[in-house]
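At the far end of the sequence shown sits residue 446, using this note's numbering, and the numbering has no gaps. A virtual CB, placed ideally from N, CA and C, is assigned to each residue, including glycine. No experiment lies behind these values; they were computed from the predicted model shown.
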Amino acid sequence: MTLNVLNYINGHVVIRISGPMPERFINLCTAEGIFLWGIKSEERSLYAHLRLKDFFRIRTLVRKSRNTIKVIDYGGFPFILKKIRQRKMIVVGVLLFFILLNILSSYIWIVEVTGTKSITPETVMQISGKNGLKVGLRKEKADLAQIEKELILQIPQLAWVGIHFTGTRAVIEVVEKTIPQAEDKHPADIVAQKDGIITEIIVLNGQPNVKKGDTVKRGEVLIRGVIPLLPEGDGNAVRTENVKPAELTRAKGIVKSRVWYESYGESEMSEHSYSRTGRRDMEVKVKIGTNQFILKKAHPDQYPIFEEETIQKKLPGWRNRDLLVESTISIFYELNDLYKEFSYEEACDRAKNKALSVLQASMPEGAQVLTREVTVINTMDPGVVRVKVSIETIEDIGQSVNISSY
């Protein structure tokens with residue numbers, strides 16, 4: 041391990057030794073104390089590695105052995121340093137970018153609010169900004185404890201506030217107080233949300249408008265929000281002029297009904313799907329002002345099928361300067377094209393599951409399923425299976441609708 045590190049620091053050269061007696065050259069190098077490694081024979085030639093400083097000592101040995109030497113490859117720090125010297129502006133640009141990035145990373149460039157429900161994020165950002173948490177502020181100058189305290193004091197709906205930094209982003213996490221909603225006492229009817237046949241009706245308040253066994257349509261009144269008419273006196277002789285007028289109230293009750301649902305689903309007998317193989321290539325670009333530098337170039341053409349994911353990060357102009365710093369990372373993932381054929385039963389199950397997922401989204405949680413029927417529909421396309429799913433449930437179909445008069 042230590043030898044490899046030293047060879048990398050000092051630099052090394054890979055040479056091909058050709059001639060009548062390449063072994064004589066190896067022996068002469070050994071006698072002169074020139075270290076060779078990785079020696080291998082191929083097509084009447086020898087290949088070997090040697091240190092860069094020893095490469096300049098082998099000229100006389102080549103002549104003595106009557107062989108020819110050709111440089112095949114080279115590597116190590118000296119050669120990297122030579123490339124850097126040839127591309128000074130790129131190196132300076134990259135160095136300046138990292139210096140500038142290090143400086144800018146100590147500032148807040150994005151303020152984000154999470155956890156809001158009834159309160160708008162703008163309200164939280166406005167109050168936190170007045171207390172010092174704003175774009176362009178150095179992180180170390182932000183008094184997070186004081187800002188959290190001010191947010192709690194100025195926004196009564198907040199139960200807890202926490203602020204933390206993620207890179208150049210300041211994240212304000214809030215938890216709102218749970219305030220129980222006031223009960224609506226406005227007069228209301230209970231009406232049907234869906235078509236169905238009434239199986240049970242329990243009236244807690246109001247006047248029933250349907251009975252068990254009735255067929256109802258969506259929007260039809262099930263329980264009227266009125267107090268039944270009551271006669272004055274002992275009730276033995278009811279006269280029209282002595283009847284109290286009906287009073288509006290908020291109807292309450294449970295109205296259960298049989299409800300039917302239908303949905304269709306289809307599935308092909310085969311499909312193409314793609315999955316990542318685990319191989320990927322990444323390209324990194326940095327833009328400073330109008331100049332763009334490619335720190336790492338990708339070669340996505342090496343993959344027959346690939347998908348690209350692009351990540352862009354941009355820092356806004358710092359204070360009153362128009363210097364734009366932007367980085368773009370493009371990741372290319374190699375994909376496998378997976379072709380799969382399904383049996384008739386598998387295609388039916390896939391189609392049925394698609395139809396059921398649609399039905400479950402439209403059914404309430406408390407619905408009681410009575411029957412479920414799956415029917416395969418004949419199609420002209422032999423590569424497609426289509427099914428119809430019918431479900432019968434019992435569920436509460438009532439909903440309150442405010443009223444003002446009758």
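Roughly how many angstroms lie between the CA atoms of residue i and residue j, to the nearest whole one?
i, j, result
"ASP377", "SER58", "48 Å"
"THR70", "TYR114", "21 Å"
"SER445", "VAL429", "42 Å"
"ARG279", "GLN247", "Caution applies to ARG279, whose pLDDT of 49 falls short of 50 and renders its modelled position unreliable; the value that the coordinates give is listed next. The alpha-carbon atoms of ARG279 and GLN247 are separated by roughly 22 Å."
"SER81", "TYR87", "6 Å"
"THR154", "THR160", "10 Å"
"VAL251", "LYS234", "For the sequence presented, residue 251 should be read as Lys rather than Val. Approximately 16 Å between the Cα atoms of the pair."
"GLU180", "TRP200", "23 Å"
"GLU287", "ILE437", "25 Å"
"THR208", "LYS337", "26 Å"
"PRO13", "ASN47", "There is no way to answer for residue 13, as the model of the chain reaches only from 41 to 446."
"LEU173", "ALA182", "6 Å"
Count the other CB atoms, across all protein chains shown, that sit within 10 Å of the CB of residue i; report buried if there are 16 or more and exposed otherwise.
i, result
"VAL266", "buried"
"ASN245", "exposed"
"SER310", "exposed"
"GLY275", "Because GLY275 carries a pLDDT of 48, less than 50, the predicted location of this residue cannot be relied on, and the following value inherits that uncertainty. With fewer than 16 Cβ atoms within 10 Å of its Cβ, GLY275 is classed as exposed."
"THR433", "buried"
"TYR384", "exposed"
"GLY305", "buried"
"LEU90", "buried"
"GLY51", "buried"
"VAL26", "The requested residue 26 does not occur in the structure, where the chain is confined to residues 41 to 446."
Got a sec? Which residues, its chain only, sit under 8 Å from residue i by beta carbon, not counting five neighbours each side?
i, result
"MET61", "SER105, ARG106, ASN107"
"THR156", "VAL164, VAL214, GLU216"
"PHE137", "VAL326, ILE328, PHE333, VAL365"
"ARG97", "GLU72, ILE74"
What residues are listed by DSSP as bridge partners for residue i?
i, result
"LEU76", "LEU90"
"LEU198", "GLU216"
"ILE431", "TYR301, ARG412"
"GLN332", "LYS327"
"ARG426", "GLU306, ILE417"
"PHE205", "ALA210"
"VAL377", "Residue identity differs from the one stated: residue 377 is Asp in this sequence, not Val. For ASP377, which the question treats as bridged, DSSP gives the partners TYR314."
Ignore the nearest five residues each way along the sequence and tell me which others in residue i's own chain have a CB closer than 6 Å to its CB.
i, result
"THR26", "No information on residue 26 is available, as it lies outside the stretch 41 to 446 that the chain covers here."
"TRP77", "HIS89"
"LYS394", "GLY305"
Give every residue of the same chain whose Cβ lies closer than 7 Å to the Cβ of residue i, excluding the five residues on either side of it in the sequence, and list them in chain order.
i, result
"VAL441", "ALA228, ASP229, VAL231"
"ASN255", "The displayed chain sequence assigns Thr, not Asn, to residue 255. For THR255, where only same-chain residues beyond five positions count, the Cβ hits under 7 Å are ILE237."
"THR239", "LYS252, LYS296, SER297, ARG298, ILE434"
Let me see if you follow: with CB-CB separation under 8 Å, is residue i close to chain C or not?
i, result
"PRO196", "No chain C appears in this structure, which consists of one protein chain only."
Checklist line | Touching by the beta-carbon criterion (3+ pairs, under 8 Å), the stretch 391 to 411 and the stretch 289 to 308 | finding: yes
Check: If we count Cβ pairs, one from each stretch, closer than 8 Å, do we get three or more for the stretch 250 to 267 versus the stretch 315 to 329?
Finding: no
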